[in-house]
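See structure below.
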Amino acid sequence: MNRLLLFLLLFSKVAITQDPWKLTADKIDPSNYYGVTVANGMIGIVSSPEPFKVKDVVLAGAYDLYGRGRVSNFLRSFNLLNMYLDIDGRRLDAKSATNMKQELDMRKASFTGSFDYGDKATVTYTYYSLRHLPYTVLMDVTITAKKDIAMGAASVMEAPDAMKDVQNYYNEIDRPHVVISLLSSVGKSPTGKLQLCASNTFLFSEPHGQEPRVIHEMWDNNMHLMKFSRKMKAGETYRFSIAGSSITSAHHDDPLNEAERWTIYAKLEGRERLLQFHQKAWDELWKSDIQIEGDAQAQQDVHSMLYHLYSFSREGTALSPSPMGLSGLGYNGHVFWDTELWMYPSILVLHPEIARSLVEYRFQRLDAASEMHFRKDSKAQCSPGKVQRPALKKLLYGH
Numbered sequence: 001m002n003r004l005l006l007f008l009l010l011f012s013k014v015a016i017t018q019d020p021w022k023l024t025a026d027k028i029d030p031s032n033y034y035g036v037t038v039a040n041g042m043i044g045i046v047s048s049p050e051p052f053k054v055k056d057v058v059l060a061g062a063y064d065l066y067g068r069g070r071v072s073n074f075l076r077s078f079n080l081l082n083m084y085l086d087i088d089g090r091r092l093d094a095k096s097a098t099n100m101k102q103e104l105d106m107r108k109a110s111f112t113g114s115f116d117y118g119d120k121a122t123v124t125y126t127y128y129s130l131r132h133l134p135y136t137v138l139m140d141v142t143i144t145a146k147k148d149i150a151m152g153a154a155s156v157m158e159a160p161d162a163m164k165d166v167q168n169y170y171n172e173i174d175r176p177h178v179v180i181s182l183l184s185s186v187g188k189s190p191t192g193k194l195q196l197c198a199s200n201t202f203l204f205s206e207p208h209g210q211e212p213r214v215i216h217e218m219w220d221n222n223m224h225l226m227k228f229s230r231k232m233k234a235g236e237t238y239r240f241s242i243a244g245s246s247i248t249s250a251h252h253d254d255p256l257n258e259a260e261r262w263t264i265y266a267k268l269e270g271r272e273r274l275l276q277f278h279q280k281a282w283d284e285l286w287k288s289d290i291q292i293e294g295d296a297q298a299q300q301d302v303h304s305m306l307y308h309l310y311s312f313s314r315e316g317t318a319l320s321p322s323p324m325g326l327s328g329l330g331y332n333g334h335v336f337w338d339t340e341l342w343m344y345p346s347i348l349v350l351h352p353e354i355a356r357s358l359v360e361y362r363f364q365r366l367d368a369a370s371e372m373h374f375r376k377d378s379k380a381q382c383s384p385g386k387v388q389r390p391a392l393k394k395l396l397y398g399h
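Quick note on my numbering: the sequence shown kicks off at 1 and runs consecutively.
Structure (C-alpha cells):
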C-alpha cells in the first residue's frame, strides 16, 4: 500500500496544497514527472506533462506474454485520448504554455490541466474515466479567446509499439438527429492471444446541423486522426469533448463492435449526462469516507488513499488490483499478497460489494493454484482444491 501511495502522490515535486480533495501542481517538470491517474476500476488514464497528452491507457484484466521475462504482463491499450490543438497555425505544447497547472480532484475523480497561450487564449482540459461506464473515458476541452483566433483540434488514435496487425477505420454516421464521426482501431496483442480495440468521437456544443466539419487523416498503421477547425472572436468561449471506449477480447467476444457501441452510446448521451452520472456514481462511493478533524494534511492523505483504492477496483468484475493498480505497467499488473493484507480490509469495511470482486478473483483461480501445487507433489492422490471449493464459497459468501 505504501509503495502505491508514494508513486501516485508524488507526480511532481511541488508543495501539495492542504485542500482535502485536491492535489495541485503548478510547477511541471517533465524530467521529474510521474503521472497521476483517473480510473474507474477497469480503465486507467495516466497524465502527461504535455498538454492534451496521455502517458498510458491501462485496461484491467488484459495480459499477454511480452517485455520482461516469460510472464504475463499488463497490456498498454490504444491511446484513445491524445489530441492536439493549433492556434493561428501553431501547435501548442508545454514550451508554449504559461501559467500551467495540473490538478487531481479526488471528489470528482477528474484530472484538469490549464494554461495560457500568450495573449491569445486560455485553455483547460479535463480527463474522466467514467465510473458508470466501465470501458469509456472522456476529455473535456474549453478554450477562451483573448483575441480573434483560428483554432484547430484533432483527436489522435495511437497504437502502442508492441501491438500487431493494427487496422484503422473511420466511419461517419449521419442521421436526422445526429452526426457521429467514429475513429476506431483494432489490433492484436504481442502473441496474438488477444484482440484490442478502441473507438472515439467528438462531442460538440453546437446544435445538430451546426457542428464543425470533421476530416479524417490516415497517417500510418499505428496512428490516424480526425480533426476540425473553427474561428473564434475575442472574449468567446468554446467547449468540446472527446469520448472514447477501449475493450479487449478478454472482456468481450466482439470487442470492436462493443467499443464502437459504447462510444456511440456516449455520443447520444451527451457530455452533461455523462458527467452527471459519473459524479453520481462517485458520490455513492464517497458516502463511505474517513473524516479527520484538525489535521488537513492527514485528511488529504487519507482521501488520496481511498481515491486510489476506489479507482483501481470495481464491483462485479472479479478483478483485483496490483500494487500499482491502473497507474501504469509497474509490477506487470500482477496481484500479490499486498492486496489482501493492505487493500482488502479497508475496502471490505467501506464497500463490501467491491471487496467481493477481490475475493472472487482469488476464488476463480483456486483450481489452477491447486493444480500447480499438486504437480509438485507426486504423492498426492486427489486434488483438495476441488473438494474445498464449495466449502470455501460458503465461508466467503454465505451460500
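Note that the Cβ used here is the ideal one computed from N, Cα and C, for glycine as well.
Task: Exposure label - S31; buried when at least 16 CB within 10 Å - done: With fewer than 16 Cβ atoms within 10 Å of its Cβ, S31 is classed as exposed.
Task: Which of helix, strand or coil DSSP assigns to L182 - done: It is a strand residue.
TODO: Give the single residue among W286, S249, R273, A296 whose Cα lies nearest to the Cα of G61.
DONE: Minimum Cα-Cα distance from G61 among the listed residues W286, S249, R273, A296 corresponds to S249.
- [ ] Specify, as a first and last residue, the run of the beta strand (DSSP E) that L133 falls within.
- [x] Counting along the chain, L133 falls outside any beta strand (DSSP E), and DSSP gives it neither H nor E.
TODO: Quick one: residues in its chain with C-beta nearer than 6 Å to the C-beta of T317, no 5 flanking neighbours on either side, listed in chain order?
DONE: Within the same chain, T317 has close Cβ partners S357.
- [ ] Reducing DSSP to helix, strand and coil, say where F115 ends up.
- [x] F115 falls in the strand class under three-state DSSP.
Open item on the list: Tell me which residues share the same chain as E211 and place their Cβ nearer than 6 Å to its Cβ, disregarding the 5 neighbours each side in the sequence.
Closed with: Contacts found: F204.
Open item on the list: Please classify D64 as buried or exposed, where buried requires at least 16 neighbouring CB atoms within 10 angstroms.
Closed with: It is buried - the Cβ of D64 has at least 16 other Cβ atoms within 10 Å.
Task: Within 8 Å, strictly: CB atoms of A159 and M83 - done: No, the pair does not count as a contact, with Cβ atoms beyond the cut-off.
Task: Status (buried if at least 16 other CB within 10 Å, exposed otherwise) for V349 - done: Around the Cβ of V349, a 10 Å sphere holds fewer than 16 other Cβ atoms; the residue is exposed.
Task: Chain-order list of residues whose beta-carbon lies under 7 Å from that of H303 (same chain, five-residue window excluded) - done: Cβ within range, chain order: P20, W21, M106.
Open item on the list: What does the Cβ neighbour count give for R90, buried or exposed, with the cut at 16 atoms within 10 Å?
Closed with: Burial state of R90 is exposed, judged by a 10 Å Cβ sphere holding fewer than 16 other Cβ atoms.
Task: Start-to-end residues for the alpha helix (DSSP H) that takes in T263 - done: Unbroken alpha helix (DSSP H) run through T263: 255-269.
Task: Simplified DSSP state of F11, which is helix, strand or coil - done: Any reading at F11 is ruled out, since the residue's pLDDT is 41, under 50, leaving its predicted position unreliable.
TODO: Tell me whether E293 is buried or exposed, calling it buried when 16 or more other Cβ atoms sit within 10 Å of its Cβ.
DONE: It counts as exposed.
TODO: Excluding the 5 residues preceding and the 5 following S346 in the sequence, name in chain order all residues of the same chain whose CB lies nearer than 6 Å to its CB.
DONE: Answer for S346: no residue qualifies.
Task: Chain-order list of residues whose beta-carbon lies under 7 Å from that of V156 (same chain, five-residue window excluded) - done: Contacts found: N82, M83, Y84, M223, L225.
TODO: Tell me whether the beta-carbon of P51 lies closer than 8 Å to the beta-carbon of A109.
DONE: No. Outside cutoff.
Open item on the list: Just to confirm the assignment: which complete beta strand (DSSP E) runs, minimum length 3, are found wholly within the stretch 144-227?
Closed with: Entirely contained in the stretch 144-227, the beta strand (DSSP E) runs reaching 3 residues are, in chain order, 149-158, 164-175, 178-188, 195-204, 215-220.
- [ ] Check whether the Cβ atoms of T136 and A234 sit closer than 8 Å, and answer yes or no.
- [x] Not closer than 8 Å, so no.
Task: 8 Å Cβ shell around G330 - same chain, five flanking residues per side excluded - done: Within the same chain, F7, S322, P323, M324 come within 8 Å of G330 by CB-CB distance, once the 5 residues on both sides are set aside.
Open item on the list: Measuring straight from C-alpha to C-alpha, what distance separates F363 and K227?
Closed with: Taking the straight line from one Cα to the other gives about 47 Å.
- [ ] Closer than 6 Å by C-beta to S129: which residues in its own chain qualify, once you throw out the five before and the five after it? Chain order, please.
- [x] Within its own chain, the residues whose Cβ lies closer than 6 Å to the Cβ of S129, once the five positions on either side in sequence are excluded, are V38, A39, N40, I43, I45, V137, listed in chain order.
- [ ] Answer yes or no: does any C-beta atom of chain C fall closer than 8 Å to that of V58?
- [x] As a matter of chain content, chain C is missing from the structure shown, which is built from one protein chain.
Open item on the list: Between the alpha carbons of M372 and N73, how many angstroms are there, rounded?
Closed with: Roughly 20 Å separates the two Cα atoms.
Task: Separation of V57 from R76, as counted between CA atoms - done: So the alpha carbons of these two residues sit roughly 6 Å apart.
Open item on the list: Can you give me the C-alpha to C-alpha distance between V54 and M139, rounded to a whole angstrom?
Closed with: Rounded to whole angstroms, V54 and M139 show a C-alpha spacing of 10 Å.
Open item on the list: When you compare the stretch 256-276 with the stretch 191-205, are there three or more beta-carbon pairs, one atom per stretch, that lie closer than 8 Å?
Closed with: By the criterion of at least three beta-carbon pairs nearer than 8 Å, the stretch 256-276 is in contact with the stretch 191-205.
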